[in-house]
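S.K.:
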Amino acid sequence: MTGIWKTWMTIWAWGVVAFGGLLAAGAFPGVYKPAHTLLTLFGSLPDGGAILSDRAMRFSVGLMGVVTMGWGLTIAFLLPVISAAGAKGWRALTLALIIWYVIDGIISIATGFGLNAVSNTAFAIAYFIPLLASGALRAS
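Count along the sequence shown from 1, add 1185, and you get the number used in this note's numbering.
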C-alpha cells in the first residue's frame, strides 16, 4: 500500500488512538463529558444520565479506552511491517478487524448500544476503502 491509501490507513490508525483517548477520558470526572455524551447517544439514554457516575463504570470505560488506544498504536506502528508482508499481512489484519467487528456488534446490540454497531460499520468502511482501492489484498 502506497501513496494516498497508505496515508489514509495511517490517519485511520491514529483515529483509533484518538477515539481510545476520548473513551479513556471517561475515567476522570473532570474530563469525562465527551465520553459521557457518546455513551448517552449510543445507548439512547436520557440526556444527563448518570452513566459515568459509578466508579466501576468509569474504570470500565477508561480501560476500554486505553485498550482501544493500544490497538490503534499497535496497528499504526505495525503498518510498515504489514505492508512489507504484502497480501498475507493485510489479510491477517483484516481477519482481526472482522472478528472484532462481529463480537463488538453482538455485544453492542445485546446491551442496548446498537448505535455503536452503526459507528463500527462506518469505522470498518473507512478501513476497507483504502484496503480495496489499493489492491493490498491481492497476492503479491
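Beta carbons are placed, not taken as given, at the ideal position from N, Cα and C, and that holds for glycine.
Considering only their Cβ atoms, is the gap separating Ala1261 from Ala1311 smaller than 8 Å?
M.R.: Here residue 1311 refers to the residue found at position 126 when the sequence shown is read from its first residue. Here residue 1261 refers to the residue found at position 76 when the sequence shown is read from its first residue. No. Outside cutoff.
S.K.: Using a 10 Å radius around the Cβ and a threshold of 16 neighbouring Cβ atoms, would you call Ser1319 buried or exposed?
M.R.: Here residue 1319 is taken as the residue at index 134 of the sequence shown, counted from 1. Counting Cβ neighbours within 10 Å, Ser1319 comes out buried, since at least 16 surround it.
S.K.: Can you find at least 3 beta carbon pairs, one from the stretch 1233-1249 and one from the stretch 1206-1223, that sit closer than 8 Å?
M.R.: With a cut-off of 8 Å, the stretch 1206-1223 and the stretch 1233-1249 count as touching, because enough Cβ pairs lie within range.
S.K.: Within the continuous alpha helix (DSSP H) that includes Ile1267, where are the two ends?
M.R.: Residue mapping note: residue 1267 aligns to position 82 of the sequence shown, counting from 1. Per DSSP, Ile1267 belongs to the alpha helix (DSSP H) from 1240-1270.
S.K.: How should Arg1323 be labelled, buried or exposed, when 16 other C-beta atoms within 10 angstroms of its C-beta is the threshold for buried?
M.R.: Start at 1 with the first residue of the sequence shown, and residue 1323 comes out as number 138. With fewer than 16 other Cβ atoms within 10 Å, it is exposed.
S.K.: Buried or exposed for Arg1240, going by 16 or more other Cβ atoms inside 10 Å?
M.R.: One-based indexing of the sequence shown puts residue 1240 at position 55. Exposed.
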